[in-house]
Amino acid sequence: MKTTLLILLFAVSITAQSDCVKSTEIRKPVLSESARKTYEANLEKAQSEFGENPDDADAIIWLGRRNAYLGEYRVAIGIYSTGIRKHPKDARLYRHRGHRYLTLRCFDDAIADFEAAAKLIRGKRDQVEPDGLPNARNIPTSTLQSNIWYHLGLAYYLKGDFKNALKAYANGLKVSKSADMFVATANWYYVTLRRLGKDKEAANFLATVKDDLDIIENDGYYKLLKVYQGKLNERDLIAEISASDDALSNASIGYGLGNLFLINGDNKAAMELFKRITSGDQWSSFGYIAAEAELKR
C-alpha cells in the first residue's frame, strides 16, 4: 500500500496539468464486481513492475493504462507525463496521454500530443499495439500508427475541424491493416466526408467496403457502414441496440445513427439519440463524447 501511494503521489505531484485537465468533472466507469477485481489485480501487477523498473517505458505505459481503466484519468496523464520526461522520443507515451486528454474533453491538449506522436513515427516501421482489454479471440487488432491517426482524427472531429480530421483519417486508412481497424477508421472517414459536403467522394469510398470482412470486435462500426450503404435499415439497428446490454457499443452505434440523421437533415431524430446517449453511463466512450459535442454545438 505504501508503494502504491508513493507511485500515485509521485505521478500526480510532478505534473503541471492544464487548466482543462484540472477543471473537468470526472465520471468513473461503471464496472461489475468481477471486472473491478480483475482491473485492480492488473493494476497491482503494473505497480509492482513499475516499482522494479521505474525508468522502463513499457512499465510506465502499463501503469498509466491500468489506472485509466479504473477511471483514474488524471493519474494516468501524470504517469504518461512522467514517462515523456524520461522518454521524449517515444511516440507511445504521447499517443496514450492524448487518449486520456480526449477522455477529459481536452481536445487541444490531445491534438498537440497526437501531432507530436505523428512526427515521431514518420518513416518508422509500424508495430502492433497490445490490448489492455483482450477481445474474444485475444488477437490485437490495432497498431501504434493506426491508433495515432485514428485518435488525432477524432480529436479534430470533436472540435468541428473536419478538414484536419479528414487528413488524419486518410493517413489512418493507409495503416489500418486489420478489418477491425479498417471499419472503425472507414466509419469516421465516411462521415467526415459527408460533414464536408463531399457526398460523391463519400459514396465512391463507401463502395469499396466489402461484405465479407472478418470482424472480431468492431461489429458496430461495420453495421453502421452497412446502414450507410443501404444494406441495413437504421430503424432495425436502433431496435437492436435498444434490446442490447452492451452499453459501450450502443453509445458508438447510437452516435453513428444520430450523426447520420443530422447529416441527412433530421435534426430532431439526431438530438433525441444524442440526448439518449448522454443520459447513459458511458461517459468515457467516444460515442458519448461525440454526442455531447454535438449537443453543445
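FYI, the working numbering numbers position 269 of the sequence shown as 258, with every residue one higher than the one before it.
By construction, the Cβ of each residue, glycine as well, lies at the ideal position given by its N, Cα and C atoms.
Quiz prompt | Spatial neighbours of residue 85 in its chain, beta-carbon cut-off 7 angstroms, leaving aside the 5 residues before and after | solution = 50, 53, 54 and 69
Quiz item: Roughly how far, in whole angstroms, is the beta-carbon of residue 91 from the beta-carbon of residue 278, given that I think they are within contact range, below 8 angstroms?
Solution: 7 angstroms
Self-check item: Minimum Cβ-Cβ distance from residue 174 to chain B less than 9 angstroms
Solution: No chain B is part of this structure, which consists of one protein chain only.
Quiz item: In this structure, does DSSP put residue 19 in helix, strand or coil?
Solution: Residue state for residue 19 is assigned as coil, using DSSP reduced to three classes.
Quiz prompt | Chain-order list of residues whose beta-carbon lies under 7 angstroms from that of residue 276 (same chain, five-residue window excluded) | solution = Taken in chain order, the residues that qualify are 240, 241, 243, 244 and 266.
Quiz item: If you draw a straight line from the alpha carbon of residue 144 to that of residue 34, how long is it in whole angstroms?
Solution: Straight-line Cα distance between these residues: approximately 31 angstroms.
Quiz item: How long is the line joining the alpha carbons of residue 193 and residue 184, rounded to whole angstroms?
Solution: Inter-residue distance for residue 193 and residue 184 is about 15 angstroms (C-alpha atoms, whole angstroms).
Quiz item: Under a three-way DSSP split, which group does residue 198 fall into?
Solution: Secondary structure of residue 198 (DSSP, three-state): coil.
Practice problem: Return the residue from the list 126, 132, 130 and 211 that minimises the CA-CA distance to residue 197. | Solution: 211
Quiz item: Count the other CB atoms within 10 Å of the CB of residue 19; is the residue buried (16 or more) or exposed (fewer)?
Solution: exposed
Quiz item: Do you know how far the Cα of residue 175 is from the Cα of residue 225?
Solution: Residue 225 and residue 175 have their alpha carbons spaced roughly 22 angstroms apart.
Quiz item: Using DSSP with H/G/I as helix, E/B as strand and the rest coil, what is residue 132?
Solution: strand
Quiz item: Cα separation between residue 252 and residue 152?
Solution: 16 angstroms
Quiz item: Can you give the Cα-Cα distance for residue 11 and residue 62, rounded to whole angstroms?
Solution: 11 angstroms
Quiz prompt | Strand pairing of residue 117, partner residues [DSSP] | solution = 132
Self-check item: Nearest-angstrom Cα separation, counted from residue 255 out to residue 79
Solution: Taking C-alpha positions only, residue 79 is separated from residue 255 by approximately 44 angstroms.
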